[in-house]
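**Student:** Start counting the sequence shown at -10; every next residue gets the next number (our numbering). Here you go, one structure.
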Amino acid sequence: MSRIKRLVQSYGKHIAVPWRDDVAAAQRVIFCVYNENDERWLRARIDEFEILTRQAGHEWAIYDLTDTFAMWLAAQRYAKSYFQKPELLSTPLPKYMTYITEGFSNFLDEKQVGPHAVTAIMGVGSLFGFLKVKDLVDKLSPMVKGRLLVFFPGSFENNNYRLLDGYDGWNYLAVPITADKN
């Protein structure tokens, strides 16, 4: 059985457990951790996560971050200058977080995402080198009334998350779901 299929099964077991309503935002976050080489396979099977979520009696909404950096950068007044001298990006880069946060808030309002919904985020690998996933989750999790599901390409070991296995990880309160265990 493939790693992604095992991840889908682990997620299905977890999401079927009844939810407590009295948990903090950081405790309502779920990280589905998968090997970054399986990104295509995960995207091809994303509908299976939705099916399992709906079978468990929850709503589903998915927000894709993959193209957000390109859209944000293209909208910048000095975009051409940033392409010529990428080191200049350090000044406007904090505004990228605001761009994502506002876009996510609009998405939640538009979709009317309620407290019994799973709001999934995919494409977090595209943040690598620009934003820290932990900082983004800290901003977005209080906005979600139900559960925030983060599809996380990287690894989870000893309560430590590492995006794309690229640099030192961090501890987080989220519930980790992996292909090996949940």
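The C-beta atom is built at its ideal place from N, Cα and C for all residues, glycine as well.
Which first and last residues belong to the beta strand (DSSP E) in which Thr55 is found?
**Tutor:** One-based indexing of the sequence shown puts residue 55 at position 66. Looking at the DSSP string, Thr55 is not in any beta strand (DSSP E), and its letter there is neither H nor E.
**Student:** Give a yes or no on whether the C-beta atoms belonging to Ile89 and Leu120 are separated by under 9 Å.
**Tutor:** Position 100 of the sequence shown, counting from 1, holds the residue named residue 89. Position 131 of the sequence shown, counting from 1, holds the residue named residue 120. Yes, they are a contact pair.
**Student:** For the candidate residues Tyr150, Phe145, Leu137, Leu78, whose alpha-carbon lies nearest to that of Ile4?
**Tutor:** If you number the sequence shown from 1, residue 4 lands on position 15. Ile4 has its Cα closest to that of Leu137, out of Tyr150, Phe145, Leu137, Leu78.
**Student:** Gly103 to Leu116, Cα distance in whole Å?
**Tutor:** Stepping through the sequence shown from its first residue, residue 103 is reached at position 114. Stepping through the sequence shown from its first residue, residue 116 is reached at position 127. Looking at the two C-alpha atoms, the distance is approximately 26 Å.
**Student:** Within the same chain, show all residues whose beta-carbon is closer than 8 Å to that of Ile51, passing over the 5 residues directly before and after it, in chain order.
**Tutor:** Position 62 of the sequence shown, counted from the first residue, corresponds to residue 51. Only Ile35, Glu39, Thr108, Ala109, Ile110, Met111 meet the Cβ criterion.
**Student:** If you follow the alpha helix (DSSP H) that Thr80 is part of, which residue opens it and which one closes it?
**Tutor:** Position 91 of the sequence shown, counted from the first residue, corresponds to residue 80. Neither: Thr80 is in no alpha helix (DSSP H) and is coded neither H nor E.
**Student:** Given a cut-off of 9 Å, decide if Leu54 and Met86 are closer than it, judged by their beta-carbon atoms.
**Tutor:** As a working note, residue 86 is residue 97 in the sequence shown. As a working note, residue 54 is residue 65 in the sequence shown. No, the Cβ-Cβ distance between Met86 and Leu54 is not below 9 Å.
**Student:** Looking at C-beta atoms only, is the number of pairs between the segment 91 to 103 and the segment 66 to 82 that lie closer than 8 Å three or more?
**Tutor:** No: the two stretches stay apart, fewer than three of their Cβ pairs being nearer than 8 Å.
**Student:** Given this structure, state the Cα-to-Cα distance separating Pro75 from Ala64, to the nearest angstrom.
**Tutor:** In the sequence shown, counting from the first residue as 1, residue 75 sits at position 86. In the sequence shown, counting from the first residue as 1, residue 64 sits at position 75. Approximately 16 Å between the Cα atoms of the pair.
**Student:** Of the residues Gly143, Leu62, Lys(-6), Leu162, which one's Cα is nearest the Cα of Ser79?
**Tutor:** Taking the sequence shown and counting its residues from 1, the one referred to as residue 79 is at position 90. Considering only alpha carbons, the answer is Leu62.
**Student:** Assuming Leu125 is part of the beta strand (DSSP E), what are its boundary residues?
**Tutor:** For this step, residue 125 is matched to residue 136 along the sequence shown. Premise fails: Leu125 lies in the alpha helix (DSSP H), 122 to 129, not in any beta strand (DSSP E).
**Student:** When the Cα of Leu41 is compared with those of Pro142, Leu(-4), Asn95, Asn26, which residue comes out closest?
**Tutor:** As a first step, residue 41 is located in the sequence shown; it is residue number 52 there, counting from the start. When each option's Cα is compared against that of Leu41, the closest is Leu(-4).
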